[in-house]
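Only one structure is covered here, and it is reproduced in the block below.
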Amino acid sequence: AHEPSVKLTRGHSCVLCQQRKVRCDKNKPCANCVKAGVECKVVPPQPPRRRKKRPHERELIDRLKKYESLLSQHGVDFEPIGQALRSSDPSAIDEVDELEHGIEGLKTSPSSTGDAQTPVVLIHDYRSQDYPFRDSSDDGSDGPLIHQAFDKMFDGSDGFPFAIGGSIMSITELHPPTVQIFQLWQIYLENVNPLLKIIHTPTLQSQLIEAAANPAKIAKPLEALLFSIYYIAVLSLTDEEVLERFKEEKSRMMSKFHRATQQALINAGFMRSPDIVVLQAFFTYLIAVRQNVDPRALFCLIGIAVRVANRMGLHQDAEQFHFAPFEVELRRRLWWQLVIFDKRIAEITGSTITALSSSRGDCRPPLNINDPDLHVNAKEPIQPHTGPTEMLFSLTRIELTVAADPEGARPVANLAGSSSGGKQTWHYSPSPVSSDVFTNATRHNLPLANLNDYIKYLEETYLNHCDNKIPLHSFTFLMTRQAICKLRLIDYFSRGYLQRFPDPNTMSAPDRAVRDAMFSEAIQVIEYDNVIQSEESLLRFKWYTFMHFPFPPFAFLATELRFVTTGDLCDRAWAAIIDNHEKRRMTDNLKSPMYTAIGSTLLRAWDAHEAAEAQLGRSLPQPRVITVMREVLKK
């Protein structure tokens with residue numbers, strides 16, 4: 048018996064009729080296929096690609112005028128990001144990281160909780176409906192300028208984990224020679240481990256020695272971790288150091304270990320594995336690729352790591368589930384490093400979702416202990432130290448990451464001396480370092496004393512115990528001091544003074560004294576960075592600073608220097624800015640987003656400074672950074 052004819056989906060001709068370009072009657076089978084004696088197949092057409100709406104020239108001009116008006120109204124000079132931003136220089140990428148952070152800190156918006164006419168500074172709230180570089184009514188919009196910059200800086204391919212097939216392949220032959228393995232391990236111990244602290248050094252070192260003797264027998268989780276260590280160790284070196292130590296170009300070594308680490312993660316089943324070693328490897332890989340991956344794509348990859356951590360229960364404190372003390376600490380260390388990194392990339396991309404906001408776990412910060420205090424088979428709880436330990440930098444980063452909880456609260460954990468069984472207490476702090484919230488003094492009713500108390504807590508708990516002869520202590524001290532200056536600056540921005548007094552010369556004497564103090568804080572941020580970039584003992588940690596370019600202070604100083612044209616503070620600010628450009632080698636990178644972001648503002652400030660000095664009978668030599676900026680902005 049013949050099958051009853053079935054009408055095909057309307058509009059779908061069969062393959063044969065499409066090939067012959069004849070009309071299909073859309074029966075199943077159709078008459079043409081029956082006549083030809085072939086199977087009648089239907090392949091639904093691909094959905095049509097949606098064309099982006101291109102705004103008309105008039106609309107673009109009107110929109111630009113609107114943006115210029117908004118920026119002028121709020122006392123901010125901001126040059127649109129120009130073309131040709133792609134750069135292999137990591138410093139250029141990190142300048143973009145801070146770009147919107149700095150500008151958003153100087154922007155106002157009606158309060159959502161108070162009088163609609165009251166200006167409220169949005170600290171890093173990218174989702175604001177009146178964000179001047181986004182027009183949500185335009186479906187074809189390419190998004191914020193920062194995202195357009197990313198489009199130009201990165202190649203647009205999603206890459207790992209999609210570029211590599213899911214098949215397992217042997218990578219034994221990709222391990223470096225035994226001597227190189229130990230060299231890379233030592234580099235990791237000196238340059239990377241003190242800042243991340245996600246491994247237990249004595250345990251991993253014994254495993255590495257055994258693995259180096261017989262690479263063919265390395266377990267897949269350990270192999271993934273080793274390759275990620277090779278990779279990030281090379282990243283932490285300069286081009287010159289790699290060439291001198293390994294007689295090979297850094298880019299070539301990075302490329303080799305990049306691919307090998309990806310395959311090692313595939314081999315270890317990094318998205319399915321319950322092994323914490325595999326997650327350690329994946330996290331290390333993410334830190335290493337950060338410079339070369341579009342932050343929007345990286346944020347998604349970090350999301351994979353966070354979800355794997357959630358599945359493993361890392362967001363919940365393991366002590367309550369009777370894990371061994373060794374496992375408890377490793378889980379805490381890894382979870383909090385994920386939180387720190389995730390929050391940083393969330394700030395860059397403008398995400399409302401972070402590991403902290405989505406997980407809502409109760410994982411305590413790791414203890415203030417040294418690796419030798421941890422033993423694999425230990426049964427009794429470990430008592431934290433009261434002074435500085437190997438965890439010093441990691442603990443200060445955790446403190447600063449949770450300085451502004453989404454609810455406006457800050458946890459003070461048992462970081463130095465208290466019992467591990469004690470319950471966390473909460474103190475309110477206006478420190479606006481969270482991408483999850485926008486902070487203002489009125490909304491939270493937070494007096495400045497709260498921030499001062501928080502800074503005092505950081506000083507008494509950590510900074511007063513630092514020995515600057517020890518590189519890790521010195522780096523921790525400088526990075527934390529720099530962060531404290533940023534907190535004071537953003538707290539000042541959040542109270543609306545920049546909006547009320549765009550020109551500091553119009554302020555009363557008491558208000559001007561506070562403004563000068565903030566001007567000094569901004570200078571200090573850059574001066575601290577200059578020390579970090581130039582101190583020989585800290586060069587091993589320089590790779591970490593590429594994630595923390597001091598853009599907000601730069602933006603603030605560039606605006607203020609149009610009005611502060613002479614005097615000691617003015618001279619000090621220009622000296623810091625010029626020195627920072629040289630130390631970060633920004634003048635060697637003509638495509639730097641820094642130039643197009645605040646270049647014209649900085650040039651106007653320099654011209655005002657030059658004119659003021661000329662009136663006093665003094666001439667100024669033009670710094671290289673000013674010369675380069677003029678050349679770039681002419682193009």
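Under this note's numbering, the first residue of the sequence shown is numbered 48, with each subsequent residue one higher. By construction, the Cβ of each residue, glycine as well, lies at the ideal position given by its N, Cα and C atoms. The structure presented is a predicted model; accordingly, all values stated were derived computationally and were not measured.
Asked: Measure the C-alpha to C-alpha separation of Pro216 and Leu251 and round it to an integer number of angstroms.; Found: It should be pointed out that residue 216 corresponds to Met in this sequence rather than to Pro. Using only the alpha carbons, I get a separation of about 24 Å.
Asked: Could you say if the segment 606-620 and the segment 644-653 meet the contact criterion of at least three C-beta pairs nearer than 8 Å?; Found: yes
Asked: Would you call the CB atoms of His247 and Leu377 closer than 8 Å?; Found: yes
Asked: Could you say which of Ile313, Thr399, Trp383 lies nearest to Arg411 if we only look at CA atoms?; Found: Trp383
Asked: Determine the extent of the alpha helix (DSSP H) in which Met440 is found, giving its start and end residues.; Found: According to the sequence provided, residue 440 is Phe. The question's Met does not apply to it. Residues 439-448.
Asked: Just to confirm, is the Cβ distance from Asn238 to Ser275 under 8 Å?; Found: no
Asked: Under the three-state reduction of DSSP, which class applies to Gly350: helix, strand or coil?; Found: helix
Asked: Check whether the segment 381-397 and the segment 337-348 touch, using three or more Cβ-Cβ pairs below 8 Å as the test.; Found: yes
Asked: Can you tell me whether DSSP reads His628 as helix, strand or coil?; Found: helix
Asked: Could you tell me the boundaries of the alpha helix (DSSP H) in which Ile234 lies?; Found: 225-234
Asked: Would you list, in sequence order, the uninterrupted beta strand (DSSP E) runs of no fewer than 3 residues that lie entirely inside the segment 240-266?; Found: none
Asked: Buried or exposed for Leu505, please, with buried defined as at least 16 other CB atoms from any protein chain shown within 10 angstroms of its CB.; Found: buried
Asked: To the nearest angstrom, how far is it from the Cα of Asp177 to the Cα of Asp576?; Found: Note that Asp177 scores a pLDDT of 28, beneath 50, so its modelled location is shaky; the value from the coordinates is reported in the next line. Between Asp177 and Asp576, the C-alpha separation is close to 33 Å.
Asked: Using 10 angstroms around the beta-carbon of Thr448, count the other beta-carbons present and answer buried if the total reaches 16, otherwise exposed.; Found: buried
Asked: Figure out for me which residue from Leu242, Asn79, Ala622, Lys68 has the closest Cα to the Cα of Glu437.; Found: Leu242
Asked: Return yes when the Cβ of Pro551 is within less than 8 Å of the Cβ of Arg562, no when it is not.; Found: yes
Asked: Run through DSSP, which three-state label would His520 get?; Found: helix
Asked: Nearest to Thr592 by CA position, among Asn357, Ile579, Asn74, is which residue?; Found: Ile579
Asked: Looking only at its chain, what residues have a beta carbon closer than 6 Å to the beta carbon of Ala307, apart from the 5 residues adjacent to it on each side?; Found: Ile218, Leu221, Phe274
Asked: How many Å lie between Gln662 and Pro413 at the Cα?; Found: 58 Å
Asked: Name the two residues that bound the continuous alpha helix (DSSP H) containing Arg379.; Found: 372-396
Asked: Tell me the rounded alpha-carbon separation between Ser567 and Gly646.; Found: 21 Å
Asked: Mind checking whether Leu326 and Leu403 have CB atoms under 8 Å apart?; Found: no
Asked: Under DSSP, the alpha helix (DSSP H) around Ala425 begins and ends at which residues?; Found: Where Ala425 is concerned, there is no enclosing alpha helix (DSSP H), given that its DSSP letter is neither H nor E.
Asked: Mark Ser398 as exposed unless 16 or more other C-beta atoms lie within 10 angstroms of its C-beta, in which case mark it buried.; Found: buried
Asked: Apart from the five residues just before and just after Val672, which ones in its own chain have a Cβ nearer than 7 Å to its Cβ?; Found: Ile625, His628, Thr634
Asked: Nearest by alpha-carbon distance to Ile245: which of Glu374, Ile351, Met359 is it?; Found: Glu374
Asked: Looking at Ala280 and Tyr332, is the spacing between their C-beta atoms short of 8 Å?; Found: no
Asked: Once DSSP output is grouped into helix, strand and coil, what is the label at Phe603?; Found: helix
Asked: Below 8 Å between beta carbons: does that hold for Asp418 and Ile429?; Found: no
Asked: Go ahead and label Asn261 buried or exposed: buried means 16 or more other beta carbons lie within 10 angstroms of its beta carbon, across all protein chains shown.; Found: exposed
Asked: So, under 8 Å CB-CB, Gln230 and Arg319 are touching, yes? Tell me the CB distance rounded to an integer number of Å.; Found: The pair is not a contact, with the Cβ atoms about 33 Å apart (cut-off 8 Å).
Asked: Please tell me whether Tyr501 and Ala450 are closer than 8 Å, where the distance is taken between their beta carbons.; Found: yes
Asked: What's the C-alpha gap between Arg444 and Ile387?; Found: 7 Å
Asked: Classify Tyr509 as helix, strand or coil using the three-state DSSP reduction.; Found: coil
Asked: Tell whether a beta-carbon distance below 8 Å holds between Pro431 and Ile416.; Found: yes
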